[in-house]
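Residue numbers (our numbering): 233 to 425.
Note that beta-carbon positions come from the ideal geometry of N, C-alpha and C, so glycine has one too.
The structure appears below as structure tokens.
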Amino acid sequence: MQRALRADAQANHDRLLEVAARAFAEQGADASLKAIAATAGVGIGTLYRRFPTREDLIEATYRNETDRLCASARDLLADRSPLAALRAWAEAFVDYMLTKKGMADALPAILAAREGLRQHSRDALVEAVTTLLTAGAATGQLRRDAQPNDVLMALGGITLISGHEHQRDLASRLIVLLLDGLAADHGTPPGRT
Numbered sequence: 233m234q235r236a237l238r239a240d241a242q243a244n245h246d247r248l249l250e251v252a253a254r255a256f257a258e259q260g261a262d263a264s265l266k267a268i269a270a271t272a273g274v275g276i277g278t279l280y281r282r283f284p285t286r287e288d289l290i291e292a293t294y295r296n297e298t299d300r301l302c303a304s305a306r307d308l309l310a311d312r313s314p315l316a317a318l319r320a321w322a323e324a325f326v327d328y329m330l331t332k333k334g335m336a337d338a339l340p341a342i343l344a345a346r347e348g349l350r351q352h353s354r355d356a357l358v359e360a361v362t363t364l365l366t367a368g369a370a371t372g373q374l375r376r377d378a379q380p381n382d383v384l385m386a387l388g389g390i391t392l393i394s395g396h397e398h399q400r401d402l403a404s405r406l407i408v409l410l411l412d413g414l415a416a417d418h419g420t421p422p423g424r425t
């Protein structure tokens, strides 16, 4: 069991993960750890105390980004309609995937070596989308037959199609098309009951 960090140590930890996510998204998994520490306002020794290896930092960043994205589903529903919340979440999902893409070279080995990490991420993402779809179906904004895994696959495809960050506007346009298809006023397609 990990003990809770002091407030200043927790702030350093959180800042390191935030800076690492940006660095990995922009520079890839080989981003300078020294630069990450400096940008976060801590010494390299602090980084290594928290994350003894590059893989530890990548895993923690990946886990943190996944958890932040998934937790945002409920937060978005607190002050937006389910359709608006789903759109904002889908946009955040694309940003999450771009961060993950920056870690792409290192993630497969980490996911294979760290038991349960892949399943944790998958389960958390499905739960977040389920929360959004359930809220949308309850208000009549979203189709009742939408499947969370289908939505995640579509969002993953949108991310692949839109490619690099300089084509981020393409991802937004494709998200609008996806949401049009998820809108309840489209009814159940022929052949589905």
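Query                                                                                                                   : Result
Residues of its chain near Phe283, where Cβ-Cβ distance is below 8 Å and the 5 sequence neighbours each way are ignored : Leu248, Leu289, Ala292
Proximity winner among Gly348, Ala356, Ala386, relative to Leu410 (alpha-carbon distances)                              : Ala386
Between the CA atoms of Thr278 and Ala370 - distance to the nearest angstrom                                            : 47 Å
Three-state secondary structure (DSSP) of Ala415                                                                        : strand
Beta-ladder partner(s) of Leu374, from DSSP                                                                             : Ala415
Identity of the residue in Trp321, Lys332, Asp355 nearest Glu457 by Cα                                                  : Residue 457 is absent from the structure shown; the chain starts at 233 and stops at 425.
Delimiting residues of the alpha helix (DSSP H) encompassing Phe283                                                     : No alpha helix (DSSP H) holds Phe283; DSSP gives it neither H nor E.
Segments of 3+ residues assigned as beta strand (DSSP E) that fall wholly inside the segment 310-341                    : none
Three-state class that DSSP yields for Glu258 in the structure shown                                                    : helix
Stretch pair the segment 267-281 + the segment 310-320: three plus CB contacts closer than 8 Å                          : no
Inter-residue Cα distance where the pair is Glu359 and Ala263                                                           : 31 Å
Beta-carbon spacing of Gly368, Phe256 below 9 Å                                                                         : no
For Ala305 and Thr363, believed in contact at Cβ under 8 Å, the rounded distance                                        : 5 Å
Val326 versus Gln379, Ala239, Asp246, Gly389, residue with shortest Cα-Cα distance                                      : Gly389
Alpha-carbon to alpha-carbon, Ala324 and Ala416                                                                         : 23 Å
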